[in-house]
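Colleague: Please read through the structure below; I'll follow up with questions.
See the structure below:
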């Protein structure tokens, strides 16, 4: 029997449909020679296992589920976090979460690409780290990534699987297929990141994959509403991102001056230079190209813009950057840049709830953000007038930055209220506690709740 026939025999009709109609169409045409006539990858096969099989009428028929140990049977609950991407905000969210879980007595395990920033950070935070060599986007290696994820699930023996972002959510849910309680956390929806046919396929997958999620955990109410409006049917939870308030603390005037003096800035930048800082992966999502167009329209004498981070768009951004822009590269510690800034800016095209503005506000810096998912929920009441601009609107962005850079009284007031608000609402310990309560519901460690959504 051919390998492709063995592979096909191990899958339900619905999983077959999922791969051939939702996943394989994402694969670049240049790689399709790696697949057989039915659309299956040569050499690789998904493991056969009990799973929930959705009927063609849309109802869910449940196969045998792996029995989870109770708290009396197993003192330490194992949570397997499957993660890709492994840098930026998602990595920081996962690192903070597993640190809190380890301190709370859980056993966090992180499956992610080896030798990545997340792998190092998660291990330092107290997690067991397993090598899952997955790339960011679906491609010809998807079946191997799913098979590896399945092996890591068996190896780690978790009571909970927590998949982070679209790619990990795809691979983990295909690997587990409902046998173990599964939480999917999109960290911004995949179908917002692409356009045309690819967006249509991504949405079809999210609708399909939701049946293998016991909870879909959103980081903002607006992210949840986006999924619901898109036709994704799920048991929803909303838990806002949280940050380490001990790490991100306000700096006084002397500390801020010292930060500027210590950073690799042009010699013309001193304590009086208007300074705007943007922290984020240099990518289409974060909208630095929009920011550069806005900077060309800025009319603030001597102002400087610093882009902190690296990414796939760096070369193009450098080629189009106007005068007054500094590329600082990636850094392990963004706090000195935040402390040095007069204004923090993040002009994203899409988000779930961006982490970097929360970090800046916790340090007492005013922020300007595009009005995407999570932005309004991040800000204190009344800040939207000064701090929110429409996405992909350079003129509005330039006007908002000019307003804050030329009004130090307003800037300081926004910074003070942002600090108070963020430090009272977005504590990572509260976030971790709310996530733990979801885990308790799923493994039966406490009396289940019937609430549709869990809010912080």
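Residue numbers (this note's numbering): 2 to 457. Ideal placement from N, C-alpha and C gives every residue a C-beta, glycine not left out.
Would residue 416 and residue 101 be called neighbours here (beta carbons separated by less than 9 Å)?
Modeller: Contact flag unset, no.
Colleague: How is residue 186 classed by DSSP in three states: helix, strand or coil?
Modeller: Correct three-state label for residue 186: strand.
Colleague: By Cβ distance, which residues of its chain are closer than 6 Å to residue 109, with the 5 residues on each side in sequence left out?
Modeller: 80, 99, 102, 103, 128.
Colleague: My guess is that residue 374 and residue 166 are in contact by the Cβ rule of under 8 Å, so how many angstroms apart are they, rounded?
Modeller: With 8 Å as the limit, residue 374 and residue 166 do not qualify as a contact, their Cβ atoms being about 14 Å apart.
Colleague: Report the option in 259, 218, 396, 145 whose CA atom is closest to the CA atom of residue 164.
Modeller: Residue 218 is the option with its Cα nearest to residue 164.
Colleague: Rank 85, 160, 84 by C-alpha distance to the C-alpha of residue 437 and give the top, closest one.
Modeller: It is 160 whose Cα lies nearest to the Cα of residue 437.
Colleague: For residue 357 and residue 281, what's the separation of their Cα atoms in angstroms?
Modeller: If I take the Cα positions, the gap works out to 7 Å.
Colleague: Distance, Cα to Cα, residue 326 vs residue 93?
Modeller: Answer to the nearest angstrom: the Cα atoms are 26 Å apart.
Colleague: Do you know how far the Cα of residue 144 is from the Cα of residue 201?
Modeller: Residue 201 and residue 144: Cα-Cα distance of roughly 21 Å.
Colleague: Considering only residues of the same chain and omitting the five flanking positions on each side of residue 87, which have a CB-CB separation below 8 Å?
Modeller: Result list for residue 87: 113, 114, 117, 118, 119, 120, in chain order.
Colleague: For residue 183 and residue 322, I'd like the C-alpha separation in whole angstroms.
Modeller: Taking the straight line from one Cα to the other gives about 44 Å.
Colleague: Applying the 10 Å Cβ sphere with the 16-neighbour rule, what's the burial state of residue 414?
Modeller: The residue in question, residue 414, is exposed, as its Cβ has fewer than 16 Cβ neighbours within 10 Å.
Colleague: Going by CA-CA distance only, name the one from 411, 294, 444, 178 that's closest to residue 383.
Modeller: The candidate whose alpha carbon is nearest that of residue 383 is 411.
Colleague: To which residues does DSSP link residue 113 through a beta bridge?
Modeller: Answer is 132.
Colleague: Spell out the partners DSSP gives residue 305 in its beta bridges.
Modeller: DSSP, once it has assigned bridges, lists 276 as partnering residue 305.
Colleague: Taking only three categories from DSSP, how would you classify residue 79?
Modeller: The answer is strand: DSSP assigns residue 79 an E or B state.
Colleague: Please tell me whether residue 277 and residue 306 are closer than 9 Å, where the distance is taken between their beta carbons.
Modeller: Cβ distance < 9 Å, so residue 277 and residue 306 count as in contact.
Colleague: Count the other CB atoms, across all protein chains shown, that sit within 10 Å of the CB of residue 289; report buried if there are 16 or more and exposed otherwise.
Modeller: The residue in question, residue 289, is buried, as its Cβ has 16 or more Cβ neighbours within 10 Å.
Colleague: Determine the closest residue to residue 168 out of 343, 84, 314, 347, with distance taken between C-alpha atoms.
Modeller: For the residues 343, 84, 314, 347, the minimum Cα distance to residue 168 belongs to 84.
Colleague: Please report the distance separating the alpha-carbon of residue 275 from that of residue 425.
Modeller: Those two C-alpha atoms are separated by around 29 Å.
Colleague: In three-state DSSP terms, what is residue 217?
Modeller: Strand.
Colleague: Can you tell me whether DSSP reads residue 338 as helix, strand or coil?
Modeller: Three-state result, residue 338: helix.
Colleague: Within 10 angstroms of its Cβ, does residue 401 collect 16 or more other Cβ (buried), or is it exposed?
Modeller: Classification of residue 401: buried, given that the 10 Å Cβ count is 16 or more.
Colleague: Identify the continuous beta strand (DSSP E) that holds residue 370 and give its terminal residues.
Modeller: Segment 368 to 371, the beta strand (DSSP E) holding residue 370.
Colleague: For residue 236, which residues of its own chain have a beta-carbon under 6 Å away from its beta-carbon, when the five flanking residues on both sides are left out?
Modeller: Excluding sequence neighbours, residue 236 sits near 216.
Colleague: Pull up the distance between the alpha-carbon of residue 179 and that of residue 149, whole angstroms please.
Modeller: For residue 179 and residue 149, the distance between alpha carbons rounds to 17 Å.
Colleague: If the criterion is Cβ atoms closer than 9 Å, does the pair residue 283 and residue 312 meet it?
Modeller: Yes, the pair counts as a contact, with Cβ atoms nearer than the cut-off.
Colleague: Look at the Cβ atom of residue 352, then the Cβ atom of residue 189, and state whether they are nearer than 9 Å.
Modeller: Yes.
Colleague: Is it true that the region 291 to 300 meets the region 392 to 409, where meeting means three or more beta-carbon pairs spaced less than 8 Å apart?
Modeller: Result yes; three or more Cβ-Cβ pairs closer than 8 Å.
Colleague: Does residue 1 come out as helix, strand or coil in the three-state DSSP assignment?
Modeller: Lying outside 2 to 457, the shown extent of the chain, residue 1 is not represented and no answer is given.
Colleague: Cα separation between residue 126 and residue 96?
Modeller: Distance between the alpha carbons of residue 126 and residue 96 is about 6 Å.
Colleague: Using the Cα positions of residue 89 and residue 253, report the straight-line distance between them to the nearest angstrom.
Modeller: Distance between the alpha carbons of residue 89 and residue 253: 27 Å.
Colleague: Taking only three categories from DSSP, how would you classify residue 244?
Modeller: In the structure shown, residue 244 sits in a strand (DSSP, three-state: E or B).
Colleague: How long is the line joining the alpha carbons of residue 1 and residue 270, rounded to whole angstroms?
Modeller: There is no way to answer for residue 1, as the model of the chain reaches only from 2 to 457.
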